[in-house]
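In the working numbering, the protein residues as written are 39 to 595. Glycine included, each C-beta is placed from N, C-alpha and C at the ideal position. Since the model is a prediction, treat every value here as computed from it, not as a measurement. Have a look at the structure below before the remarks.
Here it is, written out as structure tokens:
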């Protein structure tokens, strides 16, 4: 049995194995599709390695709308296949694959016209419910009248909104979910190493037989041998295809999606809200005691590594939400802002009719090399399966089929029973019930590992910040079990302090560095450098918001 622990020792071991072992499958990319591919391949009994140049989920997979959904807007595009596929995956995640991480959430679709609109939207949501098949992890949609809507969502303008239809989707902490898939892959034997960059391909004739990589922490070069290499690079696909001197069958265009984070008091509603906009849809999503509002959908050609929200992005979100809200949202209420990039695939084979799509594409630009791009977070498992199905052909041997539709992620086993034992866990641990529930929803049955850290050091039971639910044990756990290597990893992805705290967690950076420094073996200089790097990142991300705030203040005065 392999361990799911992504510790500093595990990374050292992984670096050693990458240079000394030969693998059936090497996955490039630690986003949700990459870790999903590593899990799919490892659970088939294949020898698997995964490398990621930064942190797990450091790109698109930590900057989504945090929704696991069928994509209601795709019904209007008649993309029933994509919707049906996504709804099936949503049901699997909520019911059996990752119920501790993926939770149902209700949404209101506000109506401004009593008859025609209700009939049209109601028919669409009936189809949305029907497409999920016979599995019923989430309730059916229901119609709500004007009187009820005033009780459920007082923030919706009573002079405009005549009623609503309530339906259900699901939400997830995307970065945590991605990291948990990686830990599950490790449990099934995958060798995982972050901060390892693929520099060039190793070839025997025209066949790709592995990758020359660089350990970005030590600077050492590693030759990784693999029968098949699978690239899951998302918005970096074009860049890496060019770097590897490959001619792919598709190109990836980038679309930027921006979200703002608001305090719970900003919107009075007992459910999320979805609004149609001139170009797409806008979600108002409950996130604990806060709201996430977004998203934009604009073409992007800038820095892939660090997409930033512009003043126009933030203003667009506020303007669209304020069409139906009273009182209106104000820029001064914004706690945080984050921007992510969606990889949209354009097929190269018929350039005359090329169109951007959320469908995914699997390509084999060279013998021994497979790449995949496109798709959406909800269908990561299907994308991973399709990529590995194609890669297995390169192995020239009959291999087992994918089993990931029946493979729960780590933390799932025993979760439902533990969720009914909150009071007992509270009594035995000394933590309050709210903290226990918070831990169960983040770690599932792996809560025992977090509680063991507190037993060894009771000081770790203290909260990191009085206004947040995170405790210090979670910070140490992030470095000792979850592969966190920097302050940014902990604040931005292992927790979501980066957009939940009023100053993006800058005031917590020193303390977080102090907790993880002993685990990572940092010197005082390395500790300070990690804090500084995070502070500089926040400064860059706040530029657009500061510009908007200054404009707002000048108008107010």
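Helix or strand or just coil, what does DSSP make of residue i?
i           : result
residue 552 : helix
residue 150 : coil
residue 210 : coil
residue 321 : strand
residue 46  : helix
residue 411 : strand
residue 519 : coil
residue 463 : helix
residue 62  : strand
residue 145 : strand
residue 231 : strand
residue 222 : helix
residue 51  : helix
residue 328 : strand
residue 41  : coil
residue 132 : helix
residue 359 : helix
residue 97  : coil
residue 119 : helix
residue 237 : strand
residue 378 : strand
residue 344 : coil
residue 201 : strand
residue 448 : coil
So, is residue i buried or exposed, given that buried needs 16 or more other C-beta atoms within 10 angstroms?
i           : result
residue 311 : buried
residue 358 : buried
residue 317 : exposed
residue 331 : buried
residue 441 : exposed
residue 204 : buried
residue 581 : exposed
residue 257 : exposed
residue 212 : buried
residue 417 : buried
residue 56  : buried
residue 47  : exposed
residue 42  : buried
residue 129 : buried
residue 374 : buried
residue 148 : buried
residue 285 : exposed
residue 157 : exposed
residue 365 : exposed
Compute the beta-carbon to beta-carbon distance between residue i and residue j, rounded to the nearest angstrom, for a pair I have assumed lies under 8 Å.
i           : j           : result
residue 415 : residue 70  : 6 Å
residue 44  : residue 228 : Contact flag wrong, Cβ pair sits at about 11 Å.
residue 251 : residue 260 : 5 Å
residue 300 : residue 367 : 7 Å
residue 184 : residue 160 : That belief does not hold up - the Cβ atoms of residue 184 and residue 160 are roughly 16 Å apart, past 8 Å.
residue 447 : residue 219 : 6 Å
residue 485 : residue 456 : 7 Å
residue 66  : residue 236 : 5 Å
residue 423 : residue 167 : Contact doesn't hold; Cβ gap of about 25 Å is too wide.
residue 482 : residue 453 : 4 Å
So residue i is in the alpha helix (DSSP H); what residue range does that whole segment cover?
i           : result
residue 488 : 485 to 494
residue 11  : No information on residue 11 is available, as it lies outside the stretch 39 to 595 that the chain covers here.
residue 279 : 275 to 281
residue 475 : 471 to 481
residue 456 : 453 to 456
residue 508 : Counting along the chain, residue 508 falls outside any alpha helix (DSSP H), and DSSP gives it neither H nor E.
residue 423 : 418 to 431
List the endpoints of the continuous beta strand (DSSP E) containing residue i.
i           : result
residue 265 : 259 to 269
residue 289 : 288 to 301
residue 87  : 86 to 90
residue 182 : 180 to 182
residue 251 : 245 to 253
residue 404 : 398 to 404
residue 311 : 310 to 314
residue 177 : Premise fails: residue 177 is in no beta strand (DSSP E) and is neither H nor E.
Could you tell me whether any non-hydrogen atom of the ligand FAD is closer than 7 Å to the CB of residue i?
i           : result
residue 228 : Of the ligands one can find in the structure shown there are none, so the ligand FAD has no counterpart to examine.
Does the segment 200 to 208 come into contact with the segment 45 to 52, if we say contact requires no fewer than three beta-carbon pairs (one atom in each stretch) closer than 8 Å? no
Are the segment 332 to 341 and the segment 172 to 186 touching by the rule of at least three beta carbon pairs closer than 8 Å? no
Determine contact between the segment 554 to 561 and the segment 316 to 329, defined as no fewer than three beta-carbon pairs at a distance below 8 Å. no
Tell me, please, whether the segment 70 to 85 touches the segment 492 to 505 by the rule of three or more beta-carbon pairs shorter than 8 Å. no
Would you check if the segment 364 to 384 and the segment 293 to 303 touch, i.e. whether three or more CB-CB distances between them fall below 8 Å? yes
Given 8 Å, three or more beta-carbon pairs between the segment 223 to 237 and the segment 513 to 526: yes
Quick test of the definition: if touching needs 3 or more C-beta pairs under 8 Å, does the segment 243 to 254 touch the segment 264 to 280? yes
Inspect the CB distances between the segment 529 to 543 and the segment 79 to 96 and report whether three or more fall short of 8 Å. yes
Are there three or more Cβ pairs, one per stretch, closer than 8 Å when the segment 424 to 432 is compared with the segment 453 to 469? no
Can at least three beta-carbon pairs, one atom from the segment 343 to 351 and one from the segment 276 to 291, be found at a separation below 8 Å? no
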